[in-house]
Amino acid sequence: MPATVGRRADRLAPGQRVTRGIDRRTVVRVGIVAAVAYAAWLAIGAFGRPYNFFDMKIYHGAVVWWASGHELYEFIAPGTTLGFTYPPFAGLVMLPMAQLPVDAAGMVNALASIAALALVLAGLLRPIVDRLAWPLWFAVAVAVPLAVAIEPGRETLGYGQVNLLLFALIMADLIGLRWRSRRGTHYAATDGPLLRFLYGGAWAGAGIGLATAVKLTPALFIAYLLITRQWRVAATAIGTAIGVTLGSFALVGTESRAYFGSVLWQTERVGAADMTPNQSLAGLLARLYDSIETPGLLWFAFSVLVLALGLSRAASARADGDELTAFTLVGLTANVISPISWTHHLVFVIPAIIVLADAAIRRREASRGLTQRTGQGPGYGGLPAVNGLRPPIWYPTLTGLRHGVAAGGLYLLFLISPIWPYEHQLPEVSHYQDGLFGALMENSLALALIVLVAALPWRPGAEPAFYGDRLARAVLVNGRR
422 MPATVGRRAD RLAPGQRVTR GIDRRTVVRV GIVAAVAYAA WLAIGAFGRP YNFFDMKIYH
482 GAVVWWASGH ELYEFIAPGT TLGFTYPPFA GLVMLPMAQL PVDAAGMVNA LASIAALALV
542 LAGLLRPIVD RLAWPLWFAV AVAVPLAVAI EPGRETLGYG QVNLLLFALI MADLIGLRWR
602 SRRGTHYAAT DGPLLRFLYG GAWAGAGIGL ATAVKLTPAL FIAYLLITRQ WRVAATAIGT
662 AIGVTLGSFA LVGTESRAYF GSVLWQTERV GAADMTPNQS LAGLLARLYD SIETPGLLWF
722 AFSVLVLALG LSRAASARAD GDELTAFTLV GLTANVISPI SWTHHLVFVI PAIIVLADAA
782 IRRREASRGL TQRTGQGPGY GGLPAVNGLR PPIWYPTLTG LRHGVAAGGL YLLFLISPIW
842 PYEHQLPEVS HYQDGLFGAL MENSLALALI VLVAALPWRP GAEPAFYGDR LARAVLVNGR
902 R
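The sequence shown begins at 422 in the working numbering and counts up one residue at a time.
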């Protein structure tokens, strides 16, 4: 073998070397992935809470109870006052796990959620890494443990929740819209009706419909589709949600009547509004008023304002060709206006961090590109004089800094999750027990969501997922993706 390598080396041009084994950059990347995964594991241990599939035990107990011939919504988990709160369709989807031990069901849910998260991140990061010429596998392998480590990811997996699976259903429709917008130029020649259907994005809307049938809050995405006149996608979402709900009535009519007739309106089944993990606007107001209940009229007024702001900004982001930011704004708005938004519900901070980071990179790229085009010296960042004035010497370095700092700050906030050291519960302890700083920390995630709805930037031309519009075609033709 060494002689063979030597003969091959003799034939190489001067300066060339034989590459043995795996490329050095690949080794470095694998090392980075391992280091990030280990750091994420340590962060979960440091900032997370003890996890034992608490919610999964409720779901598992409920479907086992149901499978044994009892009424689904009559189940109350031992030692708690909690029962099954999802629509009957969710119960049907979860029913097969009655055949598994509860810990095995929790592990299956965790693995499925991580796989779904990886697929979503691959779809969201693909346009970015293609532009930056990064390997997709490396970006996804780094992003998955980072996403799992923050509050929504670790709480979802640790408690056996379904939020990452619902998140994947909703974001699958974003991918479908993206494929649909490109079908005329990229997929017209795709062979076979099945592949044409798949890559043509004709199914877009089905994910939102299924998510709405499992949990009602994704219905806000249907409202967004209607406001932005995406009629066919909205019809698909509405038809899917209604279809599976009617199917549930046909299969389990007793449970369906019980849910929509009474269980849906029993808000006390999910807990008090002022509980610290409820980081919605309703929870924020209840804690600020130091009350178990939310001041209803004030909550309604602010919810309408946030709803109008979030949907209008989402529509503007879409009009400027950034469907990812539009979807993110809708998801964040749903978290804010929902009466209950536990911290494991807040999964849309993941694409918000991606949007902020990419906005910083794009601004940095734009600054460098202008430098190269103008040929100006590095002292001025290549920017021409405007009205006789030149930008300061540090301008290129700070281009995009505020978005980069916002992305890093948002990630650290949800990694550390400072609400837990200041958790309080009425009537035993006031939410002002630790003063103003403690109150701010206990509400920090809710405040961050409201700021994101009001100020999350969008990236013109980054995600043109609206078909049939002249702007979308121009974006694709001009290569602004």
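We treat Cβ as the ideally placed atom computed from N, Cα and C, and that holds for glycine.
The straight-line gap separating the alpha-carbon atoms of Leu777 and Leu834 is approximately 14 Å. Ranked by Cα distance from Ala740, the first of Ala562, Tyr480, Tyr645, Met528 is Tyr645. At the C-beta level, Ala787 and His824 stay beyond 8 Å of one another. In the assembly as shown, Leu822 is an exposed residue. Its beta-carbon has fewer than 16 other beta-carbons within 10 Å.
By a beta-carbon distance limit of 8 Å, Ser724 contacts Leu702. Their separation comes to about 6 Å. For Gly482, the enclosing alpha helix (DSSP H) stretches over residues 475 to 488. Cβ-Cβ distances below 6 Å link Ala537 to Leu585, Leu586, Ala589 in the same chain, with the five nearest sequence neighbours on each side left out; the list follows chain order. Taking each of Lys478, Gly579, Leu728, Leu516 in turn and checking the Cα distance to Gly469, the smallest one comes out for Gly579.
Val635 sits close to Phe510, with the two beta carbons spaced by under 8 Å.
Inclusion of Thr506 and Val691 in the CB contact set at 8 Å is warranted, their separation being smaller than that value. Asn756 carries a helical assignment under DSSP once its states are collapsed to helix, strand and coil. Judged by their CB atoms, Thr697 and His845 are nearer to each other than the 8 Å cut-off. The alpha-carbon separation between Leu745 and Asn530 amounts to approximately 26 Å. Membership of Pro509 in the alpha helix (DSSP H) is indicated by the continuous run 509 to 515. Distance between Val826 and Leu877, taken at the CA atoms: about 13 Å.
Straight through space, the alpha carbons of Arg599 and Asp743 are spaced by roughly 10 Å.
For Glu676, the uninterrupted alpha helix (DSSP H) segment begins and ends at 674 to 682. When the beta-carbon positions are compared, Ser851 and Asp711 come within less than 8 Å of each other. Scanning the stretch 533 to 618 from its first residue to its last, the whole alpha helix (DSSP H) runs of 4-plus residues come out as 557 to 570, 572 to 580, 584 to 607.
With contacts defined by Cβ atoms closer than 8 Å, Val550 and Gly512 do not form a contacting pair.
For Met862, the enclosing alpha helix (DSSP H) has its first and last residue at 856 to 863. In this structure, Gly544 lies near Ile596, with their beta-carbon atoms less than 8 Å apart. Residue burial is scored here from C-beta neighbours: Ile771 has at least 16 other C-beta atoms within 10 angstroms and is therefore classed as buried.
Within the same chain, and ignoring the five residues on either side of Asp476 in sequence, the residues whose Cβ sits closer than 6 Å to its Cβ are Tyr580, Gly581, Gln582.
The residues Ala693, Asp695, Leu847, in chain order, have a CB closer than 6 Å to that of Ile713 in the same chain once the five nearest residues on each side in sequence are set aside. Per DSSP, the beta bridge partners of Asp743 are Glu884. Counting C-beta atoms within 10 angstroms of its own C-beta, Pro573 has 16 or more neighbours from the protein chains shown and is therefore classed as buried. Contact between Val757 and Ile871 is confirmed by a C-beta separation of about 6 Å, below the 8 Å threshold. According to the DSSP assignment, Ala623 belongs to no alpha helix (DSSP H), since it is labelled neither H nor E. By a beta-carbon distance limit of 8 Å, Val523 contacts Phe474. Their separation comes to about 7 Å. Here the alpha carbon of Ala747 sits roughly 22 Å from the alpha carbon of Val561. Measuring C-alpha to C-alpha distances from Thr638 to each of Pro760, Val541, Gln651, Leu667 identifies Pro760 as the nearest. Secondary structure of Trp763 (DSSP, three-state): strand. In this structure, the alpha-carbon of Ala526 lies about 15 Å from that of Tyr472.
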